[in-house]
Amino acid sequence: MSLTEAPSPSPSSSSGSDDFAAFLASELELTSGADSAFPGDPSSVFPATDDEGEDPEELEVEAIEQNGTKRRRVEEQCQDQGTSVRPDKIPTGASKIVQVEACPHPGHFGGLCIICGKPQDEEDVSGVAFGYIHKGLRLGTSEIDRLRGADLKNLLRERKLVLILDLDHTLINSTKLQDISSAEKDLGIQSAASKDDPNRSIFALDLMPMLTKLRPFVREFLKEASNMFEMYIYTMGDKAYAIEIAKLLDPSNIYFPSKVISNSDCTQRHQKGLDVILGAESVAVILDDTEYVWQKHKENLILMERYHFFASSCRQFGFGVRSLSESLQDERESDGALATVLDVLKRIHATFFDMAAETDLSSRDIRQVIKTLRKEILQGCKIVFSRVFPNNTRPQEQMVWKMAEYLGAVCVKDVDPSVTHVVTVDLGTEKSRWGLNNKKFLVHPRWIEAANFRWHRQPEEDFPVTAPKEKSKEKDSDNDVAGKKETSEDKENTAAGMKETRNDEGNVTGKDKADAKENVVTTSATCPADS
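Under the UniProt record's numbering, the first residue of the sequence shown is numbered 1, with each subsequent residue one higher.
This is the structure:
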């Protein structure tokens, strides 16, 4: 049973298009035709012959006359056992041995083998479920590997890679109607979402009481990224929500046909995985604002700066500032987060497909490309930290230290003439004074974080260190990066390229939240555990 014979998928199982499902169906059907191994192959009706001009129908009649009884017995047995018989192995004489080949059951659809149609008990069906492609579809490991290999060849031929996109805080920001702040109500947020304006970016969802704000530049981002990548949506949200957002982002269903993955498709609780992606890991790039959910695939991940438009989003992450919506401001399209990461994706794509590279395309790995490009960001910088980490901790284990090294910098504990930067929150420390006297760069820790998000070394003058604080407040300075709120002056120096209200990101630098699973700026470095 092929996918093309299956009932049409339910609305919750795909984003509407059967293009990807058709590709999958055609690939699966190759198995049934391979080596004439299964029923339905033309060679089972017309056996191969070396004699030219002979009528296949006469050959069949002759075969039936000679072995009709044996053939019927073999075929009946195969149907009962879910096996198949090679036509050239059906006996034509007493010396022939019948060779029956068991169907490998490469996948199941609605409990039936996609090749032989044999029913399987749900608990006996192994493999990975691909319900987002077709409800009830489950594929075995060998079949998944085969499909990924075929998809890889197609992608490389088209000079494309795979891009997995998170939704919330990456491409959009959503809020429940009941969570809208009084200030947002006074500003008419709901009315703006209801306007019949083709250029609006705030929408009221049809099937649920929610508002969704599209991140600036998202439509242009998707348009340009689609020329370089085969794209998937992958969210920890519910299926119905994921499909509604996909309709907003892709109303013509050209970017994400049958590629909308939600929490019900995950194979591990609270984790996202590439095991449900029919694309090779070696060509997969992930954009997500949360590192924790990608424990097995950090090397594929590009961490996104979180998009907090609504007040409820700021409250969720503990920000005591006005939201972008309340301030009537937003990220700039020209150099906001999506415009920045699009440039990064272009560099990754160009590097991967560099014709000057000596390695074969099929043996290249996108993870190595990402690692190499990231190492170039702070290459040549030698950093010493001062009054940044909590007492009684090993600096090498702190995320800001790891982040700097992951970006190509060299980090040391003591000053020496080769040090280029003193990263600190207080100009009054001994190392800070040494840096000033020796004309070294003195920068706030957010300089490293901004480089991590922007994928470029940022101007040091945009991240100055404030003057020494009073003695009574020195403890707050010591723990500034460990979770204390910055001053309003500090907040203005957040990642370059955003409007002034982007300072809400700066409030969470290194915040020691009870929910350690969420990545918040400093604690969200994308370095692997062995870095």
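Quick reminder that beta carbons are idealized off the backbone N, C-alpha and C, glycines included.
Which two residues bound the contiguous beta strand (DSSP E) that contains residue i?
i	result
His421	His421 to Thr424
Gly107	Gly107 to Phe109
Arg387	Neither: Arg387 is in no beta strand (DSSP E) and is coded neither H nor E.
Glu184	Note, Glu184: premise wrong, no beta strand (DSSP E); alpha helix (DSSP H) at Ser182 to Asp186.
Ile286	Ala284 to Asp288
Met231	Phe229 to Tyr234
Cys411	Val410 to Val412
Phe130	Unbroken run through Phe130: none, as it is neither H nor E.
Leu442	Phe441 to Val443
Given residue i, which residues of its chain have a CB within under 6 angstroms of its CB, disregarding the five upstream and five downstream residues?
i	result
residue 619	For the chain, the structure presents residues 1 to 531; residue 619 sits outside this window and is missing.
Gln120	His108 and Gly111
Leu152	Ala280
Ser313	Asn173
Tyr307	His169, Asn173 and Arg215
Gly497	With a pLDDT of only 36 at Gly497, under the threshold of 50, the placement of this residue in the model should not be trusted, and no figure is reported.
Trp434	Val415
I'd like the list of long-range same chain contacts for residue i, defined as Cβ closer than 7 angstroms, with 5 residues on each side in sequence excluded.
i	result
Ala284	Val162, Ile164, Leu274, Ile277, Asn300 and Ile366
Asp35	Low per-residue confidence applies at Asp35: pLDDT is 40, beneath 50, and the placement is therefore not dependable enough to give any value.
Trp294	Lys272, Ile286, Asp288 and Leu301
Thr267	Val128, Gly273, Asp275 and Val276
Lys160	Met228, Phe229 and Glu230
Ala193	Ile202, Phe203, Ala204 and Leu211
Arg146	none
Gln398	Phe389
Arg148	Leu278, Gly279 and Ala280
Ser126	Gly140
Leu156	Leu361 and Ser362
In the DSSP assignment, find the alpha helix (DSSP H) that holds residue i and state where it starts and stops.
i	result
Glu449	Arg446 to Arg454
Thr170	Run containing Thr170: none; DSSP gives neither H nor E here.
Ile144	Thr141 to Arg157
Thr212	Segment Met210 to Leu214 is the beta strand (DSSP E) holding Thr212; no alpha helix (DSSP H) there.
Tyr241	Lys239 to Leu249
Ala192	Ile189 to Ser194
Val400	Met399 to Tyr406
Gly202	Note on identity: in this sequence residue 202 is Ile, with Gly being the wrong assignment. Where Ile202 is concerned, there is no enclosing alpha helix (DSSP H), although the beta strand (DSSP E) it sits in stretches over Ile202 to Ala204.
Leu177	Here Leu177 belongs to no alpha helix (DSSP H), and DSSP marks it neither H nor E.
Give me the Cα-Cα distance between residue i and residue j, rounded to the nearest whole angstrom.
i	j	result
Ala167	Ala129	As written in the sequence, residue 167 is Leu, which differs from the Ala given in the question. Between Leu167 and Ala129, the C-alpha separation is close to 22 angstroms.
Leu187	Leu211	14 angstroms
Leu205	Tyr241	9 angstroms
Leu324	Phe217	16 angstroms
Asp175	Gly117	A quick correction: the sequence has Thr, not Asp, at residue 175. For Thr175 and Gly117, the distance between alpha carbons rounds to 46 angstroms.
Glu244	Glu220	20 angstroms
Ile172	Ser327	18 angstroms
Ala339	Gln190	27 angstroms
residue 532	Lys135	Not covered by the structure: residue 532. The range shown for the chain is 1 to 531.
Ser201	Leu214	5 angstroms
Ile370	Ile348	7 angstroms
Ser226	Phe256	10 angstroms
Lys431	Asn437	10 angstroms
Gly408	Ala350	21 angstroms
Asp360	Phe352	11 angstroms
Glu224	Asp250	13 angstroms
Trp455	Cys113	48 angstroms
Lys239	Asn263	7 angstroms
Gln368	Gln316	35 angstroms
Gly131	Pro395	45 angstroms
Asn154	Arg364	15 angstroms
Val410	Val419	9 angstroms
Asp354	Ala150	22 angstroms
Ile318	Ser252	Inspection of the sequence shows that residue 318 is occupied by Gly rather than by Ile. Approximately 37 angstroms between the Cα atoms of the pair.
Of all Cβ atoms in chain D, is any one closer than 8 angstroms to the Cβ of residue i?
i	result
Glu184	Absent here is chain D; the protein component of the structure consists of one chain.
With distances taken Cα to Cα, identify the nearest neighbour of residue i among the options.
i	options	result
Val465	Trp455, Phe441 and Phe453	Phe441
Met208	Ser181, Leu177, Glu230 and Lys195	Leu177
Ile261	Ala350, Gly237 and Asn253	Gly237
Asp416	Thr290, Arg457 and Ile383	Ile383
Glu158	Glu291, Phe319, Pro395 and Ser362	Ser362
Glu143	Pro106, Asn263, Gly336 and Thr429	Pro106
Leu373	Arg446, Ala451 and Gln398	Ala451
Phe309	Gly435, Met355, Lys298 and Asp330	Asp330
Leu139	Asn154, Leu156 and Pro104	Pro104
Ile180	Ala311, His297, Lys195 and Ile115	Ala311
residue 533	Leu222, Arg269 and Arg364	Examination of residue 533 is not possible in this model, given that the chain is present from 1 through 531 alone.
Lys439	Glu460, Phe453 and Trp447	Glu460
Pro198	Leu156, Leu248 and Lys185	Leu248
Ser282	Arg446, His444 and Lys298	Lys298
Just to check, is the beta-carbon of residue i closer than 7 angstroms to a non-hydrogen atom of the ligand FMN?
i	result
Ala404	With respect to the ligand FMN, the structure shown offers nothing to examine, as it has no ligands at all.
Beta-carbon within less than 8 angstroms of residue i's beta-carbon, same chain only, minus the 5 sequence neighbours each way: which residues are those?
i	result
residue 535	Beyond the ends of the chain as shown, which are 1 and 531, falls residue 535; an answer cannot be given.
Inset, instruction - Taking 8 angstroms as the threshold, find out whether the segment 415 to 425 comes into contact with the segment 383 to 398 through three or more Cβ pairs. - result: With the cut-off at 8 angstroms, the segment 415 to 425 and the segment 383 to 398 touch.
Inset, instruction - Indicate whether the contact test is met: 3 or more Cβ pairs, each with one atom in the segment 401 to 408 and one in the segment 376 to 385, closer than 8 angstroms. - result: A contact exists between the segment 401 to 408 and the segment 376 to 385.
Legend entry - Inter-stretch contact (C-beta, 8 angstroms, three-pair minimum) for the segment 300 to 314 and the segment 329 to 348: Result yes; three or more Cβ-Cβ pairs closer than 8 angstroms.
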